[in-house]
Each structure stands twice: as structure tokens, then as C-alpha cells.
Amino acid sequence: MCLCMYIIKISSSQYRTEYDPLKMDISSVYGKTDGFYYSERPDLSGLADSLKNVLDSNKVSVQKVPDPTHFVLNYGKDIAKYYKKIVVGGAIDRDPSGALNLTAWYNDQMHHSMPMALLLMHTALLQNTVNGGRISLTNAPLPELQSRYSNDIGGQLMVTIMATVFVPLALGFLSASFTLVPIHERATKAKLLQLMSGIPAVMYWTAMFLWDYLVHCIACIFMITPYAIFAHYAFFGKHSISTSTSLLLMFLYGWSSIPFSYLASFVFSKGNSGFASVVGFCATAGKCSSFYP
């Protein structure tokens with residue numbers, strides 16, 4: 001299981017996509033664009049001029065508007081121009097309590113327009129406060145999650161092969177191990193001795209099942225641990241409920257595979273032949289069922 005997850009982890013790194021950092025400079029990203037600003041209060045004219053200068057320095061053809069909402073609605077009548085030209089805007093006012101109210105307008109159809117609008121507004125506020133200065137912003141995105149490589153055909157095929165080979169084989173070995181004790185006790189007459197000493201058959205099989213099921217549950221916990229090590233993005237991410245679901249399926253598998261192993265123990269008189277047969281059956285059945293959702 002660890003080898004399976006390690007190979008998948010190594011393979012996933014080949015499909016990771018990393019993006020270069022992007023400087024949030026509106027002029028270099030979008031070139032010449034249109035913009036607007038709104039300010040009707042004389043006491044805020046200095047800040048309004050700072051915003052206009054910042055927009056002009058970033059190749060934004062800016063104009064003062066009496067109402068930002070009406071301006072945007074009229075501009076949007078030419079939808080093609082709206083999508084390509086207007087990116088940011090700003091409104092400078094005071095709220096009823098007299099506090100400064102700055103609103104950064106942005107076109108949500110343009111990538112990165114929101115941080116650019118905030119950057120320009122903060123730059124204008126800085127320059128109005130200290131008579132100079134500049135703020136720069138760079139977006140350095142994280143690499144794509146390794147689980148995303150499964151969208152690729154090659155990566156998806158790798159996961160399918162590993163899941164159909166290693167997981168059924170591991171569970172097959174676990175199921176077959178429960179045939180050894182019943183076969184051994186029947187061959188050595190240990191079972192007969194216990195029954196003759198007064199132990200009911202129901203108690204004999206129930207005690208054996210409870211012990212074997214406890215061993216099965218512990219083994220399942222160890223089997224799912226590699227996922228927490230090599231696929232932690234799925235183990236602790238937003239789809240982490242799939243981990244508990246997988247563990248529950250393993251527990252239910254033991255509820256059915258252990259009685260099957262007990263039934264198979266009556267067919268064989270040697271432990272090695274019974275073990276090999278159950279491994280072969282469980283692994284083959286698991287491989288066949290793994291190809292279908």
C-alpha cells in the first residue's frame with residue numbers, strides 16, 4: 001500500500017503546473033483602459049486628485065462622473081467595449097457619520113481587476129497622505145494540487161492500475177489469513193478437542209470471529225495510514241469525508257470476508273492451499289470489480 005501511494009505521488013509531480021508570479025500592474029496587464037472616479041466633496045478634492053493622478057500614471061483614461069452607477073450602466077450598452085476596456089474606478093465620499101468612505105469599483109469580467117482596483121485606491125490614499133510613495137502587488141499562485149493531475153488521461157490510468165493491482169491484493173491477503181487458524185485447528189484436532197470439552201459451536205465461531213474482526217479493523221487502520229502521508233490533500237481537505245467512508249467500507253468488507261474465509265476453510269485440509277486459493281479468488285474478484293464504478 002505504501003509503495004502504491006508513493007508511486008502515485010511521484011507520478012503526480014510530473015503533472016503539476018506552476019505559474020510565474022504576476023505583478024498587479026494594470027498598464028502592463030491590460031494596456032490602455034478606461035476608468036472613472038467620483039467625488040463631490042470639496043474637502044476631499046486632494047484625495048480625488050491623487051486618485052486621478054494614479055489612474056493616469058497607469059494608462060487609465062479617467063473621467064470624473066456625477067454618478068458611478070449610471071455611468072457604468074451607460075458604458076455597458078456597448079457590451080464588447082465594456083468587457084475589454086473598462087477595468088477599474090473609484091468613489092470618494094463620506095458616510096452619514098462623517099467617516100471617510102472609499103469605494104473601489106472593478107469589472108468582474110476581467111481577471112485580477114479586484115486586487116488592481118484596491119491597489120490603485122490604496123496607492124492614491126498613500127500619496128495623498130505622504131505626498132509620494134508607491135505600493136506594488138505581486139500575485140504568486142500556489143502550484144496546482146497534486147490531486148488535479150487525475151484529470152489527465154495518463155495520470156488517471158496510473159491511478160486505475162495501482163488501485164486495481166495493489167488494493168485488491170492487499171485485502172485478499174488480509175482475508176486469506178483468516179483461513180489458516182480454522183484449517184490448522186481442524187487438521188490438528190484442536191477444534192474437536194474444544195468442542196468435546198463442552199464449548200458450544202456457536203461460542204467457538206463467535207469468539208474466533210470477534211478476535212479476527214478486531215485484527216481486521218486494526219489492519220485496515222494501518223492500510224489507510226499511507227493516504228494521510230502521501231495524499232494528505234484528500235485526507236485533510238474538503239473531501240476528507242471520503243477517508244472515513246473508505247474506512248467504513250473496509251470494515252464492512254471484513255464483516256463479509258471473514259465468514260467467507262471460514263466457509264473456505266472447510267474445503268481445504270492444508271493451510272497453504274487454502275490461503276493461496278482465497279488470495280487468488282479475492283484478488284481476482286477485487287480487480288474485476290475495480291474497473292466499474
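Note that the UniProt record's numbering has the sequence shown beginning at 1, numbered continuously upward.
A virtual CB, placed ideally from N, CA and C, is assigned to each residue, including glycine.
It should be emphasised that the depicted structure is a prediction, and the values quoted were computed from it without experimental measurement.
*Looking at C-alpha atoms only, which residue of 88, 171 and 188 is the closest neighbour of residue 278?*
In the sequence shown, residue 278 corresponds to position 278, counting from 1. Among 88, 171 and 188, the Cα nearest to that of residue 278 is on 171.
*On the three-state DSSP scale, how would you describe residue 202?*
Taking the sequence shown and counting its residues from 1, one reaches residue 202 at position 202. Three-state result, residue 202: helix.
_Candidates 95, 107, 204 and 23: closest to residue 79 by CA position_ = The residue labelled residue 79 in the question sits at position 79 within the sequence shown. Answer by Cα proximity: 107.
*How many angstroms separate the CA atom of residue 184 from the CA atom of residue 267?*
The residue you call residue 184 lines up with position 184 of the sequence shown. The residue you call residue 267 lines up with position 267 of the sequence shown. Cα to Cα, the separation comes out at about 13 Å.
_Classification of residue 52 by the beta-carbon crowding that lies within 10 angstroms, buried from 16 upward_ = By one-based count along the sequence shown, residue 52 stands at place 52. Buried, since its Cβ has 16 or more Cβ neighbours within 10 Å.
*asked:* Taking only three categories from DSSP, how would you classify residue 286?
replied: Position 286 of the sequence shown, counting from 1, holds the residue named residue 286. Note: residue 286 maps to helix in three-state DSSP.
*Coarse secondary structure for residue 266, derived from DSSP in three states*: Reading the sequence shown from its first residue, position 266 is the one you call residue 266. Of the three classes helix, strand and coil, the one that applies to residue 266 here is coil, per DSSP.
*Delimiting residues of the beta strand (DSSP E) encompassing residue 135*: Taking the first residue of the sequence shown as position 1, residue 135 is located at position 135. From DSSP, residue 135 is part of no beta strand (DSSP E); its letter is neither H nor E.
*Helix or strand or just coil, what does DSSP make of residue 74?*
What you label residue 74 is simply residue 74 of the sequence shown in a count that begins at 1. Note: residue 74 maps to helix in three-state DSSP.
*Using the Cα positions of residue 40 and residue 116, report the straight-line distance between them to the nearest angstrom.*
On the sequence shown, position 40 is the one that residue 40 refers to. On the sequence shown, position 116 is the one that residue 116 refers to. So the alpha carbons of these two residues sit roughly 24 Å apart.
_Considering just the uninterrupted stretch of the alpha helix (DSSP H) at residue 98, what are its terminal residues?_
To locate residue 98, count along the sequence shown from 1; it is residue 98. Note, residue 98: premise wrong, no alpha helix (DSSP H); not H, not E.
*Report yes if the CB atom of residue 30 is closer than 8 Å to the CB atom of residue 87, and no otherwise.*
The sequence position of residue 30 within the sequence shown is 30, counting from 1. The sequence position of residue 87 within the sequence shown is 87, counting from 1. In contact: residue 30 and residue 87 (Cβ atoms closer than 8 Å).
*asked:* Using only the alpha-carbon positions, how far apart do residue 119 and residue 136 sit?
replied: Position 119 of the sequence shown, counting from 1, holds the residue named residue 119. Position 136 of the sequence shown, counting from 1, holds the residue named residue 136. Going by the C-alpha atoms only, they are around 8 Å apart.
*asked:* Pop quiz: residue 209 and residue 258 are said to be a contact at Cβ under 8 Å. What is the actual Cβ separation, rounded to whole angstroms?
replied: For the purposes of this step, residue 209 is taken as the residue at position 209 of the sequence shown. For the purposes of this step, residue 258 is taken as the residue at position 258 of the sequence shown. Their Cβ separation, rounded to whole angstroms, is 6 Å, which keeps residue 209 and residue 258 in contact under 8 Å.
*Is the number of C-beta pairs between the region 49-65 and the region 124-143 that are closer than 8 Å three or more?*
yes
*Residues in its own chain within less than 7 Å of residue 187 by CB, not counting five upstream and five downstream?*
For the purposes of this step, residue 187 is identified with residue 187 of the sequence shown, where counting begins at 1. These residues qualify, in order along the chain: 269.
*asked:* According to DSSP, simplified to helix, strand and coil, what is residue 31?
replied: Numbered from its first residue, the sequence shown carries residue 31 at position 31. In this structure, residue 31 counts as coil in the three-state DSSP scheme.
*Please look up how many angstroms separate the CB atoms of residue 64 and residue 82, rounded, as I've assumed it's under 8 Å.*
Here residue 64 refers to the residue found at position 64 of the sequence shown. Here residue 82 refers to the residue found at position 82 of the sequence shown. With 8 Å as the limit, residue 64 and residue 82 do not qualify as a contact, their Cβ atoms being about 19 Å apart.
_With distance defined between alpha-carbon atoms, name the residue in 112, 133 and 286 nearest to residue 24._
Start at 1 with the first residue of the sequence shown, and residue 24 comes out as number 24. For the residues 112, 133 and 286, the minimum Cα distance to residue 24 belongs to 112.
*How long is the line joining the alpha carbons of residue 74 and residue 84, rounded to whole angstroms?*
Numbered from 1 along the sequence shown, position 74 holds the residue referred to as residue 74. Numbered from 1 along the sequence shown, position 84 holds the residue referred to as residue 84. Taking the straight line joining both Cα atoms gives about 15 Å.
*Consult DSSP for residue 165 and reduce its assignment to one of helix, strand or coil.*
Indexing the sequence shown from 1 puts residue 165 at position 165. Here residue 165 sits in helix by DSSP.
*Give the DSSP bridge partners of residue 92, in chain order.*
Here residue 92 is taken as the residue at index 92 of the sequence shown, counted from 1. Residue 92 is bridged to 102.
*In three-state DSSP terms, what is residue 109?*
Locating residue 109 in the sequence shown gives position 109, counting from the first residue. DSSP places residue 109 in coil when its eight states are reduced to three.
*If you check the beta carbons only, do residue 68 and residue 89 fall under 8 Å apart?*
If you number the sequence shown from 1, residue 68 lands on position 68. If you number the sequence shown from 1, residue 89 lands on position 89. Result yes, Cβ atoms of residue 68 and residue 89 sit closer than 8 Å.
_Which of helix, strand or coil DSSP assigns to residue 149_ = As a working mapping, residue 149 is identified with position 149 in the sequence shown. Residue placement at residue 149 is poorly supported in this model, since its pLDDT is 44, which falls under 50; the coordinates are not used for a value here.
*Could you give the C-beta distance for residue 242 and residue 182, rounded to a whole number, given that I count them as a contact under 8 Å?*
The sequence position of residue 242 within the sequence shown is 242, counting from 1. The sequence position of residue 182 within the sequence shown is 182, counting from 1. Contact flag wrong, Cβ pair sits at about 35 Å.
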